[in-house]
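Visitor: Just so you know, we're using the UniProt record's numbering here: the sequence shown kicks off at 1 and counts up by one. Here it is: the structure, laid out below.
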Amino acid sequence: MAARPDQASLTGVMALLTAACVIGFAAPLVKLSELGPQAIAFWRLALAVPALGLWLIFEERRNRARPAPINPAPAGRQWRLLALAGVFFAGDLAFWHAGIKITTAANATLLANLTPVIVAIAAWLLFKERISTRFVIAAILALGGAVLLSAANVRFAPERLTGDILSALTALWYAAYILTVRAARMTGAGTARVMFWSTLAAAPISLAITLIAGERVFPQTLEGWAPLLALGVIVHALGQGGIAFGLGRTPASIASLVILVQPVVAAAAGWILFGETLVMVQWFGAGLVLSGVYLAQRTGPRAGPGPRPRG
1 MAARPDQASL
11 TGVMALLTAA
21 CVIGFAAPLV
31 KLSELGPQAI
41 AFWRLALAVP
51 ALGLWLIFEE
61 RRNRARPAPI
71 NPAPAGRQWR
81 LLALAGVFFA
91 GDLAFWHAGI
101 KITTAANATL
111 LANLTPVIVA
121 IAAWLLFKER
131 ISTRFVIAAI
141 LALGGAVLLS
151 AANVRFAPER
161 LTGDILSALT
171 ALWYAAYILT
181 VRAARMTGAG
191 TARVMFWSTL
201 AAAPISLAIT
211 LIAGERVFPQ
221 TLEGWAPLLA
231 LGVIVHALGQ
241 GGIAFGLGRT
251 PASIASLVIL
261 VQPVVAAAAG
271 WILFGETLVM
281 VQWFGAGLVL
291 SGVYLAQRTG
301 PRAGPGPRPR
311 G
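Put into structure tokens, the structure is as follows:
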């Protein structure tokens, strides 16, 4: 029996929350790596491909056993969307990984996820997602909290400005990625299909950027592979996979707010691992983010029509 729309939406929100918590550890892991930012981005994608390939095989076999099986490879508009998602995500990683090496873990994750306004407007135009007054209030709470979460660091650390700008530009790439993945999911593409093909499209782009930047490609120590494996298998395959899963069941505008949990997790991880000081206003901001996310997932806009995705 198929799940009711509200049950599917709740499942999507829970997946998004879990995924956002996982991805929140991306910034600390990037700081722990011995490689340059673009090489880290490449290995994050490349090391995720085998895990995503296994997931895709499982998903496609399960889909073939259903009454209306789907083809194992994307075609037409779906393929174009998956390739485009890969391009956008490669751009997202290139800018964000460059920024995280300069600014704090909290700032980079925060500024890279200041996408809800862009996503909400675009989703309204593209997917006819209706925006309620309560959603606007939730967005104000979450975005206001996100600003407070990084305000102290930005004010007292002007040397981080370049990193903050790079991270802020990432918001444009990530918004485009979210909207494209949402569009692909609305065509009926399963989570594993979206993740595998978009990652496969993004990896060569990241490798090219790494070579152009003149960065060392391989870690010099065995320990240097540990954060890269964690980024690829845990953060990308599981974390971004959870985002793709949630985008099949939750409006893009809601998803863009829910994943603002990421900077809260990143700030806590930066505090624990790197001693990045969090003042009272930042803790208050974290509370506002969580309040906005809670309100958004309860009173968000409804998605426009589209087929229910598989997986």
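Glycine included, every Cβ here is placed at the ideal spot set by N, Cα and C.
Between which residues of its own chain and R182 is the CB-CB distance below 6 Å, once the five residues before and five after are set aside?
Guide: Position 182 of the sequence shown holds residue 182. If we look at R182 and ignore the five residues flanking it on each side, its Cβ neighbours are L247 and A252.
Visitor: Going by other Cβ atoms of all chains shown within 10 Å of its Cβ, with 16 needed for buried, is F156 buried or exposed?
Guide: In the sequence shown, counting from the first residue as 1, residue 156 sits at position 156. Because F156 carries a pLDDT of 46, less than 50, the predicted location of this residue cannot be relied on, and no value is offered for it.
Visitor: Using DSSP with H/G/I as helix, E/B as strand and the rest coil, what is T250?
Guide: Counting from 1 along the sequence shown, the entry for residue 250 is found at position 250. Correct three-state label for T250: coil.
Visitor: Look at the alpha carbon of S9 and the alpha carbon of G214, and state the distance between them as a whole number of angstroms.
Guide: Stepping through the sequence shown from its first residue, residue 9 is reached at position 9. Stepping through the sequence shown from its first residue, residue 214 is reached at position 214. Taking the straight line from one Cα to the other gives about 44 Å.
Visitor: Around the C-beta of F25, are 16 or more other C-beta atoms found within 10 angstroms, so that it is buried, or is it exposed?
Guide: Taking the sequence shown and counting its residues from 1, the one referred to as residue 25 is at position 25. That one is buried.
Visitor: So, does the CB of A27 fall closer than 9 Å to a CB anywhere in chain B?
Guide: Going by chain labels, chain B is absent from the structure shown, which holds only one protein chain.
Visitor: So what's R80 in DSSP terms, helix, strand or just coil?
Guide: The sequence position of residue 80 within the sequence shown is 80, counting from 1. Correct three-state label for R80: helix.
Visitor: For the alpha helix (DSSP H) that contains T210, what are its first and last residues?
Guide: As a first step, residue 210 is located in the sequence shown; it is residue number 210 there, counting from the start. T191 to A213 is the extent of the alpha helix (DSSP H) around T210.
Visitor: Could you please give the first and the last residue of the uninterrupted alpha helix (DSSP H) stretch that includes G270?
Guide: Taking the sequence shown and counting its residues from 1, one reaches residue 270 at position 270. It spans V261 to F274 - the alpha helix (DSSP H) in which G270 sits, taken as one unbroken run.
Visitor: Just verifying my parser: in three-state terms, what is the DSSP assignment at T18?
Guide: Numbered from 1 along the sequence shown, position 18 holds the residue referred to as residue 18. The answer is helix: DSSP assigns T18 an H, G or I state.
Visitor: How many Å lie between L229 and E223 at the Cα?
Guide: Residue mapping note: residue 229 aligns to position 229 of the sequence shown, counting from 1. Residue mapping note: residue 223 aligns to position 223 of the sequence shown, counting from 1. The straight-line gap from Cα to Cα measures roughly 10 Å.
Visitor: Return the CA-CA distance between T104 and V265, expressed in angstroms with no decimal places.
Guide: Taking the first residue of the sequence shown as position 1, residue 104 is located at position 104. Taking the first residue of the sequence shown as position 1, residue 265 is located at position 265. So the two alpha carbons sit approximately 13 Å from each other.
Visitor: Can you tell which of R130, G241 and R134 has the C-alpha that lies nearest to the C-alpha of residue 312?
Guide: In the structure as shown, the chain begins at 1 and stops at 311. Residue 312 is therefore absent and cannot be evaluated.
Visitor: Using only CA atoms, which one of L141, L148 and I205 lies nearest to G46?
Guide: Taking the first residue of the sequence shown as position 1, residue 46 is located at position 46. A quick correction: the sequence has Ala, not Gly, at residue 46. When only C-alpha atoms are compared, the closest one is I205.
Visitor: Rank C21, L169, L149 and A268 by C-alpha distance to the C-alpha of H236 and give the top, closest one.
Guide: For the purposes of this step, residue 236 is taken as residue 236 along the sequence shown, with counting starting at 1. Nearest C-alpha to H236: C21.
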